[in-house]
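Written out below as structure tokens is the structure these notes cover.
In the numbering used here, the protein residues as written are 9 to 222.
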């Protein structure tokens, strides 16, 4: 990881710890002195005053992560490292890189290490841990599987969600992973007999969460 990016992440984690890892975006914004107002787009302004405009998104998990993403932008600005983070890549890629860093910090804010560690202690590297993270953090499956995967730094991990004979979503830290999003997967249990698998049947078409570690 690049030096400025690592420093920005560490700054965000120290700041979050000072506020007991608060995960509610409105309460965290209040603690950080950030004002939230409705607007036509999701955007953060460092200020002063620090302001986040948010759209009236009806899907709560998405809005919850979006709010933490915008808080992350303000935290990066407060760290004084925004320009250094952008300078770590070519100018044409600078804005995209900053968005990726804000996404990463946003995930740490809504799913902080203590929450992740509690889920892993309860359930281990299993689909049940992902469900626990999703429900406790009130985020989407997409956010939960990515945070779960990157939290396991000890060994390469791949998480997939399949349904209707296809891979619907995927997150992996395994450089040798060969599973791809949208690839056909008719029977996850037959293809990956050593994987931790859990099938959710409350959907119109059942979905299977698979966790692979090597």
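Glycine included, every Cβ here is placed at the ideal spot set by N, Cα and C.
These numbers were taken from a predicted model, which means no experiment stands behind them.
Closest Cα partner of residue i within the set the options
i           : options              : result
residue 128 : 24, 137, 70 and 104  : 137
residue 185 : 70, 198 and 163      : 163
residue 194 : 146, 213, 110 and 32 : 213
Residue span of the beta strand (DSSP E) that contains residue i, given as start and end
i           : result
residue 116 : Per DSSP, residue 116 belongs to no beta strand (DSSP E); it is in the alpha helix (DSSP H), 102-118.
residue 58  : 58-62
residue 142 : Where residue 142 is concerned, there is no enclosing beta strand (DSSP E), although the alpha helix (DSSP H) it sits in stretches over 135-145.
Where the alpha helix (DSSP H) containing residue i begins and where it ends
i           : result
residue 51  : It is not in any alpha helix (DSSP H) - residue 51 instead sits in the beta strand (DSSP E) that spans 51-53.
residue 14  : 11-26
residue 155 : 149-159
residue 223 : The structure shown does not extend to residue 223, since the chain spans only 9 to 222, so no value can be given for it.
residue 36  : 33-39
residue 48  : From DSSP, residue 48 is part of no alpha helix (DSSP H); its letter is neither H nor E.
Beta-bridge pairing of residue i - partner residues as DSSP gives them
i           : result
residue 215 : 171 and 208
residue 43  : 59
residue 166 : 180 and 220
Cβ-Cβ distance between residue i and residue j below 8 Å
i           : j           : result
residue 113 : residue 20  : yes
residue 133 : residue 13  : no
residue 218 : residue 149 : no
residue 60  : residue 37  : yes
residue 109 : residue 84  : yes
residue 147 : residue 72  : yes
Residue i: CB within 7 Å of a non-hydrogen atom of the ligand PLP
i          : result
residue 75 : What this structure holds is no ligand at all, so the ligand PLP is not there to describe.
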